[in-house]
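Down below is the structure, laid out as structure tokens.
Chains as they are written, first to last, in the working numbering: chain A, 75 to 232; chain B, 75 to 232; chain C, 75 to 232; chain D, 75 to 232.
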């Protein structure tokens, strides 16, 4: 059974709800889902997982500084995360408010660690995004995303 | 009076309507607006304008190849577009469908020419985006964007 | 044995040499490598491969329009490329000339198809990049990249 | 006389030297240059300048968290930075190490504030980048960049 860690930063709402919906998808996919606030996450937690999904509100078109601080700390695990499944999700206040650029920034950071990232041809292409509070559409996207990353992590573990 | 060229690629709809709404904003701002399909646009048309706004549907998270072909041709004006006002807008089929990444890709291309690009603290931050057919929200964004680029081009011309 | 297709666009040189170095790495990794110019590549060729690496010179900070035209055509295989291994490489004329943004643009396009992309913690993080003609450093990066995508494609095929 | 603030985060070296070279260019262009470490910079300092250049090392393909924390704090000046000249520079350890993606991330953040950003058709297109310690090429780029942002800020102030 693969273990997927979902790390999120919560500010004005939305990321925690998305994290829960992704976790539900992971469980439906047969995996174990662990949800953690970024403040409670150590780089070693990333290492202990088969896959990691990072979620953040959009701060000036980018992830929250607190989320990037985890990447900065994770330099002490540099190399040890290579080949794990990775994913990202984001919340923005508005359409055109930077949720895609936030997801792509998280993907860039994961690629530097050697994470393996998959897009989606049908749903939110780079990772689930919510404009304002997550609605049913977003939760469906998140559930599907959880199932997908679970399947990817299982393949990668072999 | 500044002259703003709005170049768009039309596929399944939306970009032409956004181009018209931006042109209306340019006129309200006291400028001259010229709308052209990308197929009818030569690099010299970019040179003749004080500012250029490029609009494209989202093709695999990026601008339409036909739009990038104009940039490729425009190498013969390389250097001559420096300091002009630039902007971008995009249409995607879905939320999370790549409209922000498309706008940012166009901005990257413009920066290589030396264009001057301004974001917006209130509206769609990188440039107007529409999810599906442009609704009232999108048209309001486009009008405001037209007024802004007109003001920017005027300042840059001095 | 996995089959890796390396599709490149050649303009003023460099991408073909990088494609050959990646192909050599694929063979060292135990895979079959097929090299094709983008002009000779049909979307069905992407479908026939277990992994695809796209290489392009940098045109205004983005991939060559001809390369993106292949993505546009590939809409007729939309969904059928999901889960394949994907990668990208780029050549730019100068440092700061857009090779990273070109690689990231190709990665964005691949993610929309549902490709699976891996970064590297040690080498060129997003994919091999060359500033000017590929030197020994670049060829070493490409060889290593070929071995890595071969291993990734094998895992994904199971 | 325009006032250009250069804010940098220093880690393993390079950004401070680049900041000084940009400041020299600003002075040559007839402007006043103020250099500040990000730890000593308040959002009000951004407000007091006609133009701001942000410089950071590359942390996982993105700016240092400390730099993004300044953007987070600067929300209390949201709207008040609109129309100012903006720019960015970055240092990475390696080619393909993320300096372009770092500069583009800073540009994204600036656009959300409504900053006005200009690319360069001749030099490092998005902003000066250094691979390792800044050499003569980098310092020349920085000097030229300082002169350019000075000229841009002057035009924008009218």
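No residue lacks a Cβ here, since even glycine has one placed at the ideal position from N, Cα and C.
Open item on the list: Taking the alpha-carbon of residue 126 of chain B as reference, which of B/159, B/213 and B/192 has the nearest alpha-carbon?
Closed with: Closest by alpha carbon: B/159.
Open item on the list: Among C/182, C/176, C/155 and C/91, whose alpha-carbon lies nearest the alpha-carbon of residue 133 of chain B?
Closed with: It is C/182 whose Cα lies nearest to the Cα of residue 133 of chain B.
Open item on the list: Helix, strand or coil, according to DSSP, for residue 170 of chain D in the structure here?
Closed with: Here residue 170 of chain D sits in coil by DSSP.
- [ ] Starting from residue 229 of chain D, find everything on chain B with Cβ-Cβ shorter than 7 angstroms and list it in chain order.
- [x] Proximity of chain B to residue 229 of chain D at the Cβ level (cut-off 7 angstroms) is accounted for by 229, 230 and 232, in chain order.
Open item on the list: Is the separation between the beta-carbon of residue 179 of chain B and that of residue 139 of chain C shorter than 8 angstroms?
Closed with: Taking 8 angstroms as the cut-off, the Cβ atoms of residue 179 of chain B and residue 139 of chain C do not count as close.
Open item on the list: Quick check: is the beta carbon of residue 126 of chain A nearer than 8 angstroms to any beta carbon in chain C?
Closed with: Answer no: the Cβ-Cβ gap between residue 126 of chain A and chain C never drops below 8 angstroms.
TODO: Would you check if the region 160-172 of chain A and the region 109-129 of chain A touch, i.e. whether three or more CB-CB distances between them fall below 8 angstroms?
DONE: Yes, the region 109-129 of chain A is in contact with the region 160-172 of chain A.
Open item on the list: Give me the chain C residues within the contact set of residue 114 of chain D, using Cβ-Cβ distance strictly less than 8 angstroms, ordered along the chain.
Closed with: Simply none; closest approach about 28 angstroms.
TODO: Flag residue 156 of chain D as yes if its beta-carbon sits less than 8 angstroms from any beta-carbon of chain B, otherwise no.
DONE: Using a Cβ-Cβ cut-off of 8 angstroms, residue 156 of chain D counts as an interface residue toward chain B, since at least one Cβ of chain B sits closer than that to its own.
Open item on the list: Strictly below 7 angstroms CB to CB, what residues from chain A border residue 175 of chain D?
Closed with: Chain A residues near residue 175 of chain D: 182.
Open item on the list: Rounded to the nearest angstrom, what separates residue 217 of chain A and residue 100 of chain A at their Cα positions?
Closed with: In this structure, the CA atom of residue 217 of chain A is about 7 angstroms from the CA atom of residue 100 of chain A.
TODO: From the DSSP output, in three-state form, read off residue 106 of chain D for me.
DONE: DSSP, read as helix, strand or coil, puts residue 106 of chain D in strand.
- [ ] May I have a chain-ordered list of the beta strand (DSSP E) segments no shorter than 3 residues that lie completely inside the region 125-202 of chain C?
- [x] Counting whole runs of 3 or more residues, the region 125-202 of chain C contains the beta strand (DSSP E) stretches 125-131, 159-166 and 190-192.
TODO: Assuming residue 193 of chain A and residue 199 of chain C form a contact by the criterion Cβ under 8 angstroms, report the distance between their Cβ atoms to the nearest whole angstrom.
DONE: Between residue 193 of chain A and residue 199 of chain C the beta-carbon gap is near 18 angstroms, outside 8 angstroms, which marks them as no contact.
Task: Beta-carbon proximity check, residue 82 of chain B vs residue 93 of chain B, cutoff 8 angstroms - done: With respect to residue 93 of chain B, residue 82 of chain B sits close: the two C-beta atoms are nearer than 8 angstroms.
TODO: Provide the residue span of the alpha helix (DSSP H) that contains residue 83 of chain B, from first to last.
DONE: For residue 83 of chain B, no alpha helix (DSSP H) run applies, since DSSP gives it neither H nor E.
TODO: Just the chain B side, please: which residues come within less than 8 angstroms of residue 205 of chain A by C-beta, in chain order?
DONE: Ordered by position in chain B, the residues that pass the 8 angstroms Cβ test against residue 205 of chain A are 169.
Task: Partner residues on chain B for residue 153 of chain A, Cβ-Cβ distance less than 7 angstroms - done: Residues of chain B passing the Cβ test: none, with the nearest at roughly 29 angstroms.
Open item on the list: Can you confirm whether residue 134 of chain B, when its beta carbon is compared against all beta carbons of chain C, has any partner nearer than 8 angstroms?
Closed with: True, the Cβ-Cβ gap to chain C drops below 8 angstroms.
- [ ] Compute the Euclidean distance between the alpha carbons of residue 209 of chain D and residue 98 of chain B, then round it to the nearest angstrom.
- [x] Using only the alpha carbons, I get a separation of about 49 angstroms.
- [ ] Under 6 angstroms Cβ to Cβ from residue 226 of chain A, same chain only, skipping five residues before and after it: list those, please.
- [x] Cβ neighbours of residue 226 of chain A beyond the five flanking positions: 159 and 192.
Open item on the list: Please tell me whether residue 87 of chain B has its Cβ less than 8 angstroms away from any Cβ of chain C.
Closed with: By the rule that beta-carbons nearer than 8 angstroms mark a contact, residue 87 of chain B does not touch chain C.
Open item on the list: One question on the structure: do residue 174 of chain A and residue 175 of chain B come within less than 8 angstroms of each other, judged by their Cβ atoms?
Closed with: Yes, Cβ-Cβ distance for residue 174 of chain A and residue 175 of chain B is below 8 angstroms.
Task: For residue 205 of chain B, the three-state DSSP class (helix, strand or coil) - done: DSSP places residue 205 of chain B in the strand class (E or B) of the three-state scheme.
Task: For residue 189 of chain D and residue 232 of chain C, the rounded distance between their alpha carbons - done: For residue 232 of chain C and residue 189 of chain D, the distance between alpha carbons rounds to 49 angstroms.
TODO: Give a yes or no on whether the minimum CB-CB distance between residue 99 of chain D and chain C is below 8 angstroms.
DONE: At a cut-off of 8 angstroms between beta-carbon atoms, residue 99 of chain D makes no contact with chain C.
Task: CB contact below 8 angstroms: residue 198 of chain C versus chain F - done: The structure shown has no chain F; the protein chains it does contain are A, B, C and D.
TODO: Determine the direct distance from the alpha carbon of residue 169 of chain B to that of residue 137 of chain C, and round the result to whole angstroms.
DONE: Cα-Cα distance, rounded: 24 angstroms.
Open item on the list: For residue 172 of chain C, which residues in the same chain have their Cβ closer than 6 angstroms to its Cβ, ignoring the five residues on either side in sequence?
Closed with: For residue 172 of chain C, where only same-chain residues beyond five positions count, the Cβ hits under 6 angstroms are 132, 135 and 166.
Task: Residue-chain proximity (residue 215 of chain D, chain B), Cβ-Cβ < 8 angstroms - done: It does not: the Cβ of residue 215 of chain D has no partner Cβ on chain B nearer than 8 angstroms.
TODO: Could you tell me the boundaries of the alpha helix (DSSP H) in which residue 225 of chain A lies?
DONE: Its alpha helix (DSSP H) spans residues 210-231.
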